[in-house]
Structures are given as structure tokens and as C-alpha cells.
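K.L.:
Numbering (our numbering), first residue to last: 1 to 541.
First, the structure itself, so that you have it in front of you.
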């Protein structure tokens with residue numbers, strides 16, 4: 001009978017434990033879904049501003065959902081078609097998950113739950129104390145140890161179901177940006193659906209606790225984050241300004257920067273870390289935020305990591321009060337190239353190697369480096385020619401090469417300003433001086449153009465000489481008979497024929513007769529003289 005009772009009790013305990021674990025697993029799964037959905041929605045809303053990029057992310061989510069449905073045919077069969085269509089819609093998921101969030105409970109209910117939690121914590125502490133005092137040599141120790149561990153697991157399951165806080169497994173993965181942690185505390189810089197700074201205390205002798213500072217870090221820039229923890233409260237300062245205060249006891253010190261699990265650790269860049277033994281005032285924070293610490297003057301400084309090693313897995317404490325520390329899973333970034341300096345901007349604090357330099361020289365050094373980097377930057381043309389030019393060549397491009405640069409018309413007497421791209425239009429349609437000059441040139445060439453005679457004399461003549469040719473040179477021109485009393489008009493090439501055959505001038509005829517008479521008389525005179533000469537010679541002989 002006793003063995004049957006014992007077996008029945010064990011079965012009951014196993015069934016109860018299984019039921020508790022199932023409920024806890026369901027709550028954990030719901031919590032994981034909520035965290036992942038809100039984290040994805042926050043990243044999509046805050047980090048993806050371009051609409052084309054947002055659409056690309058939505059398409060990728062739709063493709064991933066389709067792939068999951070192809071790989072899980074049973075899931076595709078169980079889901080209605082409406083749910084399958086909404087499976088890849090992040091907006092629908094976030095609204096659905098947000099609508100299922102529990103509302104705030106009345107104060108009476110919250111007090112009742114707090115009282116019940118305290119009872120469970122007290123019970124857990126009792127079992128924990130009994131577990132610690134067990135005698136290893138006692139034969140009953142294994143059975144009692146199994147019983148106490150089972151009871152502690154039951155209490156933990158009840159605490160997880162009753163607590164308003166998230167389960168421990170969810171709190172440890174609130175944002176994957178744990179900047180400092182220990183076995184008792186975790187500080188996450190990006191946590192929860194809104195991506196805010198959060199403090200977390202896992203369950204132990206006290207209930208698990210999540211404290212949200214309701215302050216969000218600005219992305220893609222350096223942030224100066226300060227936690228100042230006093231005996232009863234913790235103050236948060238961001239970029240020299242007081243942001244929030246939360247009351248409560250937070251166990252110090254932290255044992256590590258980041259987290260043991262690399263996916264949970266801070267996914268970002270850290271310039272330096274300072275660890276003080278005292279609570280810093282706002283004036284002290286603002287004074288030393290962007291300056292190098294002088295170790296000898298900082299008596300309360302117990303840790304100062306400038307992270308200037310640049311390689312390896314060990315970092316040194318510059319305050320020389322703590323031993324060399326391990327640094328795992330770190331991607332070092334060195335301010336050694338213009339690309340890195342452009343991406344990260346001016347370092348928030350100078351290098352520790354510059355601690356002997358005055359502040360003016362430090363600023364001059366940064367300005368000189370920025371000027372050298374600026375010379376290599378590729379920048380768009382300021383005159384909107386859609387070209388990307390090295391900054392050091394930008395001035396020459398603006399003055400000599402850019403098609404949108406302003407130039408002065410080279411035509412003497414014009415002096416009008418226009419863009420170089422519009423030079424052809426200006427010269428062809430707007431420049432009066434050039435248009436007048438081209439008109440003169442065109443007229444000059446037109447006048448010297450060789451064309452056929454308009455009187456069809458088959459001779460090529462310059463256009464400007466056509467009138468002279470037609471009046472004085474063309475063989476087909478009309479001309480008058482040179483004898484005034486004739487008054488006949490004939491073609492120039494037929495003038496000789498006219499004069500020979502058709503001319504009716506009486507003056508010409510009388511002149512011809514006079515010439516003939518004159519020639520006759522000259523012949524007769526010559527003949528007489530010849531006869532006279534012969535006669536005179538004959539007499540002489």
C-alpha cells in the first residue's frame with residue numbers, strides 16, 4: 001500500500017510539474033513572440049526611413065513566411081487562408097500582439113499579488129535553506145534533495161505565472177544590448193518594444209525585477225551614458241543631462257562589460273569606460289565627459305578603460321588599480337582611415353596619448369585631421385550637375401569643368417552671364433553681337449557665291465558681281481547700237497553682225513564713204529608719187 005501511495009504521489013507530482021512547465025513554456029513562447037515582433041517593428045520604424053527599403057524588408061518577410069509554410073505543410077493546412085495571408089504582415093502582427101497585452105490592475109489586486117509573491121519567496125527561501133544544510137553522508141539526502149528541488153521549481157513556476165514581470169528567460173533577452181552584467185544584475189541599453197534603457201534583476205532570494213528608465217538612445221551617434229547608483233536609487237544621465245531616477249537597491253559591482261552570451265551583449269561601439277567609487281554630480285559629469293582624465297587627480301576612480309589597444313583579447317586599466325582584463329568577441333575599429341573617421345565622426349574624447357597636450361592643440365590636431373580627410377571626401381557638385389567629385393577638386397570643377405558653371409559671353413560687347421550648358425542656346429538665339437556678326441558673315445559668303453549667269457551665258461559669276469557682269473560683260477546682255485542715229489537694241493554677241501548687215505545709221509554710212517574716199521585718195525597719191533619718183537630717176541640718167 002505504501003509503495004502504491006508513493007508511486008501515486010510521484011505521478012501526481014510529475015503531472016503537476018509537467019502542467020506547470022507547459023504553462024510556463026506557453027507564457028515563454030508568447031513572450032518571445034511579443035519581444036521579437038515589437039523589436040522588429042521598432043527597427044523597421046526607426047532605422048529604415050526610405051520607403052523603397054521598407055518595401056524590400058516587407059518583401060523579404062513575405063518570402064521568409066512563404067518558405068516556412070512550404071517547409072511545414074501541417075502548419076499550412078491548419079492555418080486558414082486569411083491567417084496565411086497575414087502571416088507575413090508585420091503591422092498586423094504588432095497590432096494583434098499589442099491588443100492582447102494585459103491592462104493595468106487595481107491597487108487592491110496588485111497588493112494581493114505582492115503579498116502572495118512574498119509568501120512564495122519566503123517558502124522558496126525555506127526550501128533553499130533546507131537544501132543547503134543537507135548532510136552529504138546521510139542516505140536520505142538524495143531523496144530530500146530531489147524533493148526540495150522539485151518544490152523550488154514549483155515555487156518558481158508559480159512566481160512566473162503570478163508576477164507582472166516577464167519570465168527570467170525573456171528579461172535576459174530584452175534587447176540584445178547588455179552593456180554591463182553580473183550574476184545579480186543586468187543593464188541593457190536597448191530593451192523592450194520601445195528600445196529603452198532597462199535595468200534587470202533575475203529571480204533569486206528576491207523576485208525578478210525589470211526597471212525601465214524610459215529613456216531611449218539616439219542611434220548613429222555617440223552617446224555619453226552615466227549610471228549613478230546610491231544606496232536607495234539610481235540616476236541616469238544621458239549626454240550631460242539628467243534623464244531619470246529609479247528607486248530601489250541595485251547590487252554592485254558589475255562583474256563584466258557586456259554579457260557572457262555574445263548575442264545578448266552590446267551590439268555597438270564603445271569609446272571608453274569609466275568606473276567611479278562615488279556618485280558623480282551633474283557638474284562633474286559635464287566637466288569631464290569629453291576630456292581626458294588625469295589619473296593622479298582622480299582619487300575616486302577605480303577603473304578607466306580607454307580601449308586604445310586596437311587588437312587582441314586583453315585590455316588595460318589606465319587607472320592602474322585593476323588587473324588586465326579579458327575582452328572577447330570584439331571587433332576593433334581604429335581611427336586610421338578617412339572612411340572610419342567619416343563614419344564615426346570626431347572621437348567624443350581625445351586619445352590618452354594626448355593627455356600632455358593642451359586643449360587648444362588637441363582641437364587643432366582634430367581640425368587638421370578633419371581638413372585632410374575632407375580633401376578626400378567624394379561630394380556632389382554644388383551646382384547640381386549630378387557629378388560626384390573629390391572635395392579637393394571641387395573648386396576647380398566649379399570654375400572650369402562643371403556644365404552648370406556661370407560664364408561670360410566671349411563676344412565683344414555682349415557681356416551677358418549664362419550657364420555653360422546653355423552656351424549653345426545663348427549663341428544661337430540670344431547673343432545679338434554674334435547674331436549680327438553671323439549675319440554679316442553669311443551675307444559676305446552669299447555675295448561671293450558662284451552662280452550661273454541669269455542671262456544664260458553659261459559662265460559662273462560671283463553673286464556680288466552679277467549686276468556688273470550682266471551690264472558690261474555678259475555676251476547675252478542687251479546693248480544699243482553705238483551709232484546714235486541707228487537706235488537699235490541688239491544682243492551683245494550679235495553686235496558685229498548688226499553693224500555689218502543691219503545697222504541703219506547714216507552717219508556710219510557717210511563715215512564709211514569718207515573713209516573709202518580717203519583710202520582711194522591715199523592710193524592715188526601714193527601711185528602718183530611713185531610715178532614721179534621713177535621719172536625723176538630716168539632724167540638723171
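Note that CB positions come from ideal geometry on N, CA and C, so glycine has one too.
Three or more beta-carbon pairs under 8 Å between the stretch 239–249 and the stretch 149–158, yes or no?
P.N.:
no
K.L.:
Which residues in the same chain as residue 128 place their Cβ atom closer than 7 Å to its Cβ, once the five residues preceding and following it in sequence are excluded?
P.N.:
The residues are 152.
K.L.:
Have a look at 217, 328, 310 and 43 and flag the residue whose alpha-carbon is nearest the alpha-carbon of residue 197.
P.N.:
The shortest C-alpha to C-alpha distance from residue 197 to any of 217, 328, 310 and 43 is the one to 217.
K.L.:
Per DSSP, which one or two residues make a beta bridge with residue 305?
P.N.:
273
K.L.:
Give me the Cβ distance between residue 179 and residue 258, rounded to the nearest whole Å; I'm assuming they're in contact under 8 Å.
P.N.:
7 Å
K.L.:
Is the stretch 452–462 touching the stretch 429–439, taking contact as three or more C-beta pairs under 8 Å?
P.N.:
No: fewer than three Cβ pairs fall under 8 Å.
K.L.:
Tell me which residue opens and which closes the beta strand (DSSP E) that residue 266 is part of.
P.N.:
Element bounds for residue 266: n/a, residue is neither H nor E.
K.L.:
Considering just the uninterrupted stretch of the beta strand (DSSP E) at residue 233, what are its terminal residues?
P.N.:
233–238
K.L.:
Let me know the secondary structure DSSP gives residue 5 once reduced to three states.
P.N.:
helix
K.L.:
Quick one: Cα of residue 420 to Cα of residue 215, how far?
P.N.:
53 Å
K.L.:
Between the C-alpha atoms of residue 243 and residue 268, what's the straight-line distance to the nearest angstrom?
P.N.:
Residue 243 and residue 268: Cα-Cα distance of roughly 21 Å.
K.L.:
What does the alpha-carbon distance come out to for the pair residue 222 and residue 91?
P.N.:
31 Å
K.L.:
Could you give the DSSP three-state label for residue 142: helix, strand or coil?
P.N.:
helix
K.L.:
Using three-state DSSP, classify residue 466 as helix, strand or coil.
P.N.:
helix
K.L.:
With DSSP collapsed to three states, give me the class of residue 181.
P.N.:
strand
K.L.:
How is the alpha helix (DSSP H) around residue 66 delimited, first residue to last?
P.N.:
51–71
K.L.:
For residue 182, I'd like the list of residues in its chain whose CB is within less than 6 Å of its CB, leaving aside the five on either flank, ordered along the chain.
P.N.:
Spatial neighbours of residue 182 in its own chain (CB-CB distance under 6 Å, excluding positions within 5 residues in sequence) are listed in chain order as 254 and 255.
K.L.:
What is the rounded straight-line gap between the Cα of residue 497 and the Cα of residue 411?
P.N.:
60 Å
K.L.:
Quick one: is residue 250 buried, meaning 16 or more other Cβ sit within 10 Å of its Cβ, or exposed?
P.N.:
buried
K.L.:
Going by alpha carbons, who is nearest to residue 286 out of 349, 116, 335 and 381?
P.N.:
349
K.L.:
Kindly indicate which three-state DSSP category residue 340 falls into: helix, strand or coil?
P.N.:
helix
K.L.:
Rank 400, 119, 341 and 59 by C-alpha distance to the C-alpha of residue 377 and give the top, closest one.
P.N.:
341
K.L.:
Cα-Cα, which of 357, 261 and 234 is closest to residue 248?
P.N.:
234
K.L.:
Within a Cβ cutoff of 6 Å, which residues of the same chain sit near residue 289, ignoring the five residues on either side of it in sequence?
P.N.:
224 and 240
K.L.:
Helix, strand or coil: how does DSSP classify residue 359 here?
P.N.:
Here residue 359 carries a helix assignment [DSSP, helix/strand/coil].
K.L.:
Report buried or exposed for residue 384, applying the criterion of at least 16 other Cβ atoms within 10 angstroms of its Cβ.
P.N.:
Counting Cβ neighbours within 10 Å, residue 384 comes out exposed, since fewer than 16 surround it.
K.L.:
Looking at residue 320 and residue 303, is the spacing between their C-beta atoms short of 8 Å?
P.N.:
By the CB criterion at 8 Å, residue 303 and residue 320 fall outside the cutoff.
K.L.:
Cβ atoms of residue 280 and residue 228: under 8 Å apart, would you say?
P.N.:
Contact flag set, yes.
K.L.:
For residue 332, count neighbouring C-beta atoms within 10 Å of its own C-beta (all shown protein chains included) and say buried if the count is 16 or more, exposed if not.
P.N.:
Exposed, since its Cβ has fewer than 16 Cβ neighbours within 10 Å.
K.L.:
Which residue marks the beginning of the alpha helix (DSSP H) containing residue 389, and which one marks its end?
P.N.:
Run containing residue 389: none in the alpha helix (DSSP H); it sits in the beta strand (DSSP E), 388–390.
K.L.:
Just verifying my parser: in three-state terms, what is the DSSP assignment at residue 243?
P.N.:
strand
K.L.:
For residue 491, list the residues DSSP reports as bridge partners.
P.N.:
478.
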